Every structure is written in C-alpha cells, then in structure tokens.
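First the structure, in the form of structure tokens, and then the observations on it.
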DNA sequence: TTGAAAGCGCTACCAC
DNA sequence: GTGGTAGCGCTTTCAA
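Protein chains in written order, with the working numbering: chain U, 11 to 353; chain A, 11 to 353.
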C-alpha cells in the first residue's frame, strides 16, 4: 500500500523509451512524435504517473507558486478577492500559496517562509507592509504586488480601486442629497485606502464650503465600528450622512443606527460604504456604495504579476481600476439631474 | 539587480565550512557546534540566504504543502474555515496550497494538478467529491480529508459538525415553540450536510407526530434560496417555521420574508439556520442557528491530517465536532423549561 | 562535530 | 525525433 510514487524512469522503462522522452511527453511543444507521446502518456496513466512539480521547479528555477498573504477574511471583500485571484492565477498556470498572518497583521514572520518556497511573486492583500519586506523581496528578485493598498513611497507596485475619486463622488452625492452634517468613519489610520477615501470625501465637501462634522475610527473591525457608531449617534446633533471607509464598516454602523437608535437608514440618516461586496446588495442592507470590481482588479493583478515575472515590467506600476457609485437605499438621493463629478 | 539567489555553497564558502554544515545550521537538532551554527547563520543573513524549500522537499520527499480545495466563498463559513485552517496548519509547519474549482464544483480537473505538487495531504471543503479522486489519492498514498462533508461509503475521512443532532435539536426547539407548519429549505440535494440536517429535523418532527409541511431547494446559493423563499411564502397557508440548510440560505430567506412579504421574522415566521457564521449574530439578523465551531473543527482537521501524514493513522476516521443551539431572535422561543434533546 | 559524495526527479543541452 | 548526460540545491549517509 505504501507504494512508492512512480518516476519518469519507471514510465520510460515500461514504455521502452528514454527518460527524456517521458519529460517531453509532458512538456507542451517539445519535439516528440505523436505516437511516442501517445504511448508514453498511456503508460504514464496506467502507472498513475504524474510529473513531480517540485523537481521540475528545482531545475527550471520557476516555481509557478504565488505567495498570497491575506487576512481580514471576515470582510467579505477579501474572500471574494482570494477566490478570484486563485482562479485567475490558475488560468495562467500559477498556484496560490496562502499565508494568513496573525491578528497583528505583520507579515514579517512570514517573509522568510514565503521566500523559502521560491515563490514567483508575492501578492499582499489586507496585510500591513513593512518596507523591510519589500527590500528583501527586491533583493532576491521576487516581485511584490500590493492589492487594495499602497505604500507612501510608491516603490512597490499596487492595484487599487478609485479611492480618491470614489470618496469625492460620494461626497458630491451626499451634498447633492441635501445633507448637512457629514461624518466619516475611518478604517485603520495607516491604511492608504482609508486615507485616500477620506481625502476624496473631504475634497468634495471642501469644494462646497463644507467640512466633516464628525470623525470616528472603526479600525476595519466590526465591533470597533459598532462602538464608533454608538459615539456618532449619541451626540446631540447627530450626523445625517455617514461615509464609512468600507462596506464592512458601513454595515456595522447601519446595524447600530437601526437596532440601537431606531433610525430609519436612508431617511433619517444616510450611510454609504465602499467596495460593493455582495452583502451590500442584500435586501436587508441595500447599501449605497462605491464599487471595487474584484474580478477586474484580480485580472489586472495577475497580468501585472506575470509581466514582472517574465521581466516585461521592471519598474513599479500603480494601477487604479475604475469603479462606480452603486446607488441603493441606504442614502437619500439627490434629484435625477445629479451627475458624478468628472474624474 | 538580477542577482542570482545565493545557495548553501555560497554561504559555505564565505563561512569557511562545508555545504553540509550550512544545511545543518538550518536543521533543528542537527549535530553542529553552537559556534559553527552561529557563524553560518550570520553569513547566511548577510547574504540574504534562505534554504530552498523546493530542493529540500525533493530530497526529503515531504513537501509540507497541504492542498486545500474550496469554493462557495460567498458563504461566510468557508472563508473563516480557510483562515483558521491556514493558521493552524502554519503552526504545525504546513502551508496551504489553495485550489478553487470552477462553478461546477468538480475537483477532478484539479486532481492532477494537486498531486503534481506532491502535497502531503488534501483537504476538501465545499467541493464535490468524486470517488475517482479519492482512489487516485489513495493510490499515491496522499491522505484525503473531507471538511464539512462526507461520502456515503465512509471510505474517506471527514470532519463535520453535528448535523443530525443539530437538525433534531432545531426540530425540537421549533416544536416546543408551538409552530405548526414546518418547512425545510435544502442546500444541494447530494450534499451530506443538507441531507443529515434534514434527516435530524425530520426525525424530531416525526417523533412528535408531525412532518415537514413544505420543502424547497436553495442549492446553497443566495439567489436560488431567495427564489425558494418566494415560493414558500406565496403559498396560501404559509409555513410558520422554516429551517434552512445553512445560515447563508437562512439569511437569504429572511431577507425575502421581510422585504418582499413584510413578515416579522421571529413573530409571524420563525427562521433557523445552521453554522453560526459571524453574520448570524449581527443586529440585522439575530439568527437562531446551530453552531459549527470553526476553530475546533479546523484544529481537529489539522490533527487528523498530521496523524495520517505521519502514519499514526491509516484507517478512515469520521470526526464529529459538537455544536450548540444559538438562540437569538429569528425564531419564536419555547418556554424556559425547554431543553435540547439528548444527543 | 565535520567534510565528501551520492542522489532526490526532473529539464535542458548535447550529440546522433 | 531521440537518447545520453549534466546538473538544479539540498539532505543524508559514511568516514574521518
């Protein structure tokens, strides 16, 4: 039962060919006659032989493995991203090696581990980036790509949504909806997504001579966001428009508004999120939000990774994938003549 | 910039030792003097040398890679499982190689691929299992473990929740709550989870001389579940108690009940799910459900996988992890004297 | 404790 | 088109 796995030699012997031929039979485009290939594959099948990717990687120096570091899986955005990334990488012959950092979100302990596996590239999503990490990767020539995140120095490539434009669009939308007291619920203070969305939002308000009336921090955490919401709605003159750094936060805030303060969301208070996760469209939420098209972002990520791996790209790229305002029922709407601001 | 990755030889040369010593320095428990180890590690660090896991795997014949096949990531249960599994495997020195089958849920095309990577074991969650797959794995001596799923023939090991007990408990709970017209919304007809939960539910009803009044199929899909719910609530005498095969389904059904039929959930109609995903506890849902403790299930999975990999276990094991009824507000409650039926 | 040497399973290069 | 051969980077004997 403890049968040893068959090797290319076993197949070769049984097929009466050289081991090289077995290798060729499993390599697309290798020079081998159709009949030889057929016979080898038949023998291989009969032995349940499968080429050893480990051995192949060792010699080709390419592992076809992509290290993906991801956490915050309770935010529906990320599982969707992971599934999409995995599927898209698979289409291009890559496999995802998953790394889920601990709650601290620091990927450094994982760094070593990731690189030991000779991954072709690293994709970091929802993980804090230390510059140390990027340097180490650069040193061993492993491309790094940030998904839905950026570093301040622009040295590391990234794929993100339209955070600034989205924030501005939402600001404009809420202004046009006749709101007066604007609040922002931030995610993590040091995350570029939260910063940029707030920046766009603030810019829109400023352009109209308004500013953020209240600001809370939800740390991209459901219960922290609930706490933030409680503070927000407890104030004497509560905000009538709340922009949350992402949908996950918005849904937490919404729950508190309805269940604990009895507010009619979309009427007494407008709540807007960011991401357009599947949840946002559910009847219970009907969340107005700015979309981040996961599929497009994933495809773009895979394209960039591939370009880096193949050496077609060598300098950092910062790709921004367009989204759009998804108008649902969680926020009061402006008149029909409202148009999103030009990007 | 295209610097070649340093190998153990490079480190050896610079440290003035043999390459074997470099290997020993990175192998816990290898016989090497403290000072030699220290020097080697120092040199290694200065070169950014990291042992090549690929090469190591080739020689040790153990990849420390676990193939995890997973889909249905829109059901919050699975992302949580994935995160927990990944974390738990990491603790034991294993890494997760992720496979996300297409929408058809058939893992067969992945089979080859998974096995080519010389994975130490395969964990299948939310993926349809073909017996073919199990046989192939057995043939090359790769342990397979089903997570939250079983096969009818019991030949493949599994870790599941208390599906039958849970279903029975829910049936008893709803009966005690004074409900009259019971409905079940199935998941996928051929999934063991849906079958077992229904079985337990039916048994409880039968013991009380009742039976399922209406039955629909939601295919574990949000919009299919919504459709099922519409049929359910459109009938003249609509059910007053709906047990859904999982939380994901229950939440879809709940949304339809409230938004489209204006039903007060927990009063006019009781809805119960299964899993106890994080969503279930959110204020908007307050879903009564039977829990599947993800962390315990994951730990158990890792333990079993390890036992199989190390050869301590050779025959199939079917582990059932205990859950409990989470009583919230989506279902009318019985009096305080109600007790769950003995398992 | 240390070094030399064999070889894991494969690809790639070389002759033929 | 085919077979021989040289390694990929490492662990693991085996002597010293």
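Backbone N, C-alpha and C fix where the C-beta goes; we use that ideal spot for every residue, glycine too. On a predicted model such as this, the values are computed, not experimentally measured, just so you know.
Opposing strand residues paired with residue i [DSSP bridges]
i	result
residue 275 of chain U	U:279
residue 225 of chain U	U:194
residue 357 of chain U	With chain U covering only 11 through 353, there is no way to say anything about residue 357 of chain U.
residue 336 of chain U	U:299
residue 347 of chain A	Paired residue(s): none; residue 347 of chain A is not in a bridge.
residue 328 of chain U	U:168
residue 147 of chain U	For residue 147 of chain U, which the question treats as bridged, DSSP gives no partner whatsoever.
residue 76 of chain A	A:106, A:131
residue 27 of chain U	Looking at the DSSP assignment, residue 27 of chain U forms no beta bridge with any residue, so it has no partner.
residue 285 of chain A	A:301
residue 91 of chain A	According to DSSP, which records beta bridges pairwise, residue 91 of chain A is partnered with nothing at all.
residue 252 of chain A	A:193, A:281
Selection from the options that minimises the alpha carbon distance to residue i
i	options	result
residue 247 of chain A	A:129, A:192, A:40	A:192
residue 245 of chain U	U:224, U:302, U:70, U:344	U:224
residue 56 of chain A	A:63, A:62, A:48	A:48
residue 27 of chain U	U:14, U:38, U:39, U:54	U:54
residue 202 of chain U	U:256, U:276, U:272, U:89	U:256
residue 212 of chain A	A:195, A:112, A:62	A:195
residue 333 of chain A	A:81, A:179, A:277	A:179
residue 146 of chain U	U:159, U:219, U:120	U:120
residue 284 of chain A	A:204, A:326, A:274	A:204
residue 351 of chain U	U:150, U:218, U:259	U:218
residue 65 of chain A	U:158, U:273, U:128	U:128
residue 67 of chain A	A:126, A:206, A:222	A:126
residue 336 of chain A	A:278, A:303, A:143, A:122	A:303
residue 321 of chain A	A:259, A:149, A:153	A:153
residue 235 of chain U	U:222, U:198, U:207, U:220	U:198
residue 164 of chain U	U:345, U:142, U:326, U:254	U:326
residue 330 of chain A	A:275, A:238, A:158	A:158
residue 259 of chain U	U:144, U:86, U:124	U:86
residue 4 of chain A	A:239, A:271, A:338	Here chain A comprises residues numbered 11 to 353, so residue 4 of chain A is not present and cannot be evaluated.
residue 150 of chain U	A:148, A:200, A:160, A:61	A:61
residue 328 of chain A	A:160, A:69, A:123, A:148	A:160
residue 233 of chain U	A:282, A:293, A:124	A:293
residue 63 of chain A	U:122, U:20, U:101, U:100	U:122
Nearest-angstrom beta carbon gap, residue j and residue i [assumed within contact, 8 Å]
i	j	result
residue 175 of chain A	residue 210 of chain A	6 Å
residue 215 of chain A	residue 181 of chain A	5 Å
residue 46 of chain U	residue 31 of chain U	6 Å
residue 40 of chain U	residue 29 of chain U	Not quite, the Cβ-Cβ distance comes to about 13 Å (not below 8 Å), so this is no contact.
residue 177 of chain A	residue 208 of chain A	6 Å
residue 270 of chain U	residue 241 of chain U	Rounded, the Cβ-Cβ distance is 12 Å, inconsistent with contact.
residue 282 of chain A	residue 254 of chain A	7 Å
Sequence-distant residues of the same chain with beta carbon closer than 6 Å to residue i, five excluded per side
i	result
residue 16 of chain U	57, 59
residue 309 of chain U	98
residue 348 of chain U	186
residue 273 of chain U	267, 279
residue 323 of chain U	317
residue 353 of chain A	175
residue 24 of chain A	53
residue 344 of chain A	186, 187
Beta-carbon proximity list for residue i, same chain, < 8 Å, skipping 5 on both sides
i	result
residue 155 of chain A	131, 132, 133, 134, 166, 167, 168, 169, 311, 314, 315, 318
residue 280 of chain A	184, 187, 189, 250, 251, 252, 298, 340, 341, 342
residue 162 of chain A	202
residue 35 of chain U	42, 46, 47, 50, 51, 54
residue 103 of chain A	74
Close-in-space but distant-in-sequence residues of the same chain around residue i (CB under 7 Å, 5 per side omitted)
i	result
residue 305 of chain A	94
residue 14 of chain U	none
residue 72 of chain A	130
residue 89 of chain U	83
residue 81 of chain A	110, 111, 115, 136, 137
residue 33 of chain A	18
residue 91 of chain A	135, 157, 304, 308
residue 296 of chain U	338, 339, 340
*Counting pairs of Cβ atoms below 8 Å between the region 135-152 of chain U and the region 282-300 of chain U, do you hit three or more?*
At 8 Å Cβ cutoff, the stretches do not touch.
*Taking three-plus beta-carbon pairs below 8 Å as touching, is the region 71-88 of chain U in contact with the region 103-111 of chain U?*
With a cut-off of 8 Å, the region 103-111 of chain U and the region 71-88 of chain U count as touching, because enough Cβ pairs lie within range.
*So does the region 259-274 of chain A actually touch the region 228-245 of chain A, counting three or more Cβ pairs closer than 8 Å?*
Result yes; three or more Cβ-Cβ pairs closer than 8 Å.
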